[in-house]
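Chemist: One structure, pasted below without further comment.
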Amino acid sequence: MNTIFRKSMLSVAGLAFAGGVFAGPIAAHANPAADAKPVAAVQTVSKPQGDQSHIGLNGEQNANAKAIIAATKKAGLPERAAVISIATSLQESKLENLGHLGDMNDHDSLGLFQQRPSSGWGTPEQITNPEYSTTAFLKGLKQVDGWQDMPLTQAAQTVQVSAYPDAYAQWEQQATDLVAQHWNS
Numbered sequence: 013m014n015t016i017f018r019k020s021m022l023s024v025a026g027l028a029f030a031g032g033v034f035a036g037p038i039a040a041h042a043n044p045a046a047d048a049k050p051v052a053a054v055q056t057v058s059k060p061q062g063d064q065s066h067i068g069l070n071g072e073q074n075a076n077a078k079a080i081i082a083a084t085k086k087a088g089l090p091e092r093a094a095v096i097s098i099a100t101s102l103q104e105s106k107l108e109n110l111g112h113l114g115d116m117n118d119h120d121s122l123g124l125f126q127q128r129p130s131s132g133w134g135t136p137e138q139i140t141n142p143e144y145s146t147t148a149f150l151k152g153l154k155q156v157d158g159w160q161d162m163p164l165t166q167a168a169q170t171v172q173v174s175a176y177p178d179a180y181a182q183w184e185q186q187a188t189d190l191v192a193q194h195w196n197s
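Set out below in structure tokens:
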């Protein structure tokens with residue numbers, strides 16, 4: 013593994029640890045299927061905040077973006093929820109379903125959203141299942157009053173409780189583009 017990748021993984025793991033230690037799962041008992049209300053139109057809040065980042069995606073990362081979109085649709089949530097979820101995953105793992113990274117791992121943070129079994133997000137097997145981890149994230153999102161109308165970074169931060177709360181904003185444009193590309197496919 014190269015040094016840049018290791019340092020990137022350590023940074024991702026540190027962010028996930030801070031979020032997991034302080035928040036854990038916000039919505040351990042929510043039922044997305046029962047609570048969801050489908051929305052027909054794309055919800056846009058405003059143009060993306062701040063400088064935007066973009067990474068090229070490989071087949072696995074694209075498949076994970078599609079899995080997030082599928083789980084969002086299955087939960088009956090609108091495209092905006094998928095945008096927030098994908099932007100969060102881009103920040104937390106670069107849309108890579110991360111397993112245990114040995115010494116580079118931030119305690120027990122795993123998966124697309126760097127969720128922690130020790131904080132109640134689920135078992136390692138569940139957390140590394142894209143549908144499960146997305147559903148767990150969406151349960152937390154649905155408990156955030158007004159998430160549909162708030163800036164992406166505020167909605168994501170309320171669920172994740174990151175040490176770097178503004179970091180999610182940089183991925184909004186790429187997440188929006190991915191949802192626009194794959195929502196109807």
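Converting from the sequence shown to the working numbering requires adding 12 to each position, the first position being numbered 1.
Heads up, the beta-carbon is just placed ideally off N, CA and C, and yes, glycines get one too.
This one's a predicted model, so the numbers in the text were calculated from it and none came from an experiment.
(1) Could you pull out every unbroken alpha helix (DSSP H) segment of at least 4 residues lying fully inside the stretch 83-138, listed in chain order?
(2) Can you give the beta carbon distance from Pro142 to Ala83, rounded, assuming they're within the 8 Å contact cut?
(3) Between the alpha carbons of Thr188 and Val95, how many angstroms are there, rounded?
(4) Note down, in chain order, each residue of its chain lying with its Cβ closer than 6 Å to the Cβ of Ala35, except the 5 sequence neighbours on either side.
(5) Rounded to the nearest angstrom, how far is the Cβ of Glu184 from that of Ala79, given a contact under 8 Å?
(6) What would DSSP say about Tyr176, mapped onto helix, strand or coil?
(7) Report the option in Val191, Lys151 and Leu124 whose CA atom is closest to the CA atom of Glu72.
(8) Quick check on DSSP: helix, strand or coil for Leu69?
(9) Can you check which of these residues, Thr135, Gln127, Ala75 and Asp157, is closest to Phe149 by C-alpha distance?
Modeler: Straight from the coordinates:
(1) Whole alpha helix (DSSP H) segments, 4+ residues: 91-105.
(2) As a first step, residue 142 must be located in the sequence shown, where it is residue number 130. As a first step, residue 83 must be located in the sequence shown, where it is residue number 71. Going by Cβ atoms, the distance from Pro142 to Ala83 rounds to 7 Å, so yes, they are a contact pair.
(3) Working through the sequence shown from its first residue, we reach residue 188 at position 176. Working through the sequence shown from its first residue, we reach residue 95 at position 83. Answer to the nearest angstrom: the Cα atoms are 5 Å apart.
(4) As a position in the sequence shown, residue 35 is number 23, starting the count at 1. Unreliable placement is indicated for Ala35, whose pLDDT of 44 sits below 50; the coordinate value is still reported in the next sentence. Val173.
(5) Along the sequence shown, one-based indexing puts residue 184 at 172. Along the sequence shown, one-based indexing puts residue 79 at 67. Wrong, their Cβ atoms sit about 20 Å apart, outside the cutoff.
(6) Against the sequence shown, residue 176 aligns to sequence position 164. DSSP places Tyr176 in coil when its eight states are reduced to three.
(7) Locating residue 72 in the sequence shown gives position 60, where the first residue counts as 1. For Glu72, the nearest C-alpha among the options comes from Leu124.
(8) The residue you call residue 69 lines up with position 57 of the sequence shown. Note: Leu69 maps to coil in three-state DSSP.
(9) For the purposes of this step, residue 149 is taken as the residue at position 137 of the sequence shown. For the residues Thr135, Gln127, Ala75 and Asp157, the minimum Cα distance to Phe149 belongs to Gln127.
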